[in-house]
Amino acid sequence: MIEHMKKLFAILAAVVCLWGCEKMYIFTPMKVTLASEGQTMSIETSIQPQTLDILDYYGNGTDSPEYDAETGTYTATYLWLTATISKSSLSDGKYTLVLTAEKNTTGKARTLYVGGMDKNYSDSMEVRQE
């Protein structure tokens, strides 16, 4: 009897997850390319501002933003990219994330990942600079 209950529970858990665990995209878009001469771009996100991070492919970077209480702004900077979210930018459940890339003088394309959490979901977007 207990074995049947365990199997039933496992099946129910799988069904609930398949039904309610759809992929949530918390960045719109999920990939951006910035100009080599440097560029600022605004995108929408539903991440909680205090979870903002910027990492490279190997997981190095900044995993918590600095908070300016006077302006209500969270800022993360790593290498050539700065990401900023202002609490006052919240509109219809989304914040405006401002990405600013320094001029690329390396002669090679480069990539970083901006990430964060929205309630129960964690995700990142690819930021590439030519």
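By our numbering, the letter at position 64 of the sequence shown is numbered 83, and the numbering carries on one by one without gaps. Each residue gets a CB set at the ideal place from its N, CA and C atoms; glycine is no exception. Predicted model, so just to flag it, every value in this text is computed and none were measured.
So, is residue i buried or exposed, given that buried needs 16 or more other C-beta atoms within 10 angstroms?
i: Ser65; result: buried
i: Ala88; result: exposed
i: Met49; result: exposed
i: Leu27; result: Note that Leu27 scores 44 on pLDDT, short of 50, meaning its location in the model is unreliable and no value can be drawn from it.
Can the beta-carbon of residue i be found less than 9 Å from the beta-carbon of residue j?
i: Tyr76; j: Thr130; result: yes
i: Leu71; j: Gly134; result: yes
i: Tyr86; j: Gln69; result: yes
Ignore the nearest five residues each way along the sequence and tell me which others in residue i's own chain have a CB closer than 8 Å to its CB.
i: Glu149; result: Thr52, Leu53, Ala54, Ser55, Asn123 and Ala128
i: Asp82; result: Asp72 and Leu74
What does a CB cutoff of less than 6 Å around residue i pick up in its chain, not counting 5 residues either side in sequence?
i: Lys106; result: Gly91
i: Leu166; result: The structure shown does not extend to residue 166, since the chain spans only 20 to 149, so no value can be given for it.
i: Thr101; result: Thr119
i: Thr115; result: Ser61 and Ser108
i: Thr94; result: Pro84, Glu85 and Thr103
Reducing DSSP to helix, strand and coil, say where residue i ends up.
i: Thr70; result: helix
i: Lys122; result: coil
i: Ser1; result: With the chain represented from 20 up to 149, any question about residue 1 goes unanswered, as that position is not in the structure.
i: Leu31; result: For Leu31, the predicted model reports a pLDDT of 47, less than 50, meaning its position is unreliable; a value from the coordinates is still stated below. It is helical.
i: Glu56; result: coil
i: Ser141; result: strand
i: Thr101; result: strand
i: Ile45; result: coil
i: Tyr132; result: strand
Can you round the beta-carbon distance between residue i and residue j to whole angstroms, since I take them to be within the 8 Å contact cut?
i: Val117; j: Thr47; result: Contact flag wrong, Cβ pair sits at about 14 Å.
i: Asp137; j: Ile45; result: 4 Å
Identify, in the order they occur along the chain, each residue of the same chain with its Cβ nearer than 7 Å to the Cβ of residue i, setting aside the five sequence neighbours on each side.
i: Gly57; result: Ala120, Glu121 and Lys122
i: Ser143; result: Tyr132, Val133 and Gly134
For the ligand MN, any of its heavy atoms closer than 8 Å to the Cβ of residue i?
i: Glu56; result: With respect to the ligand MN, the structure shown offers nothing to examine, as it has no ligands at all.
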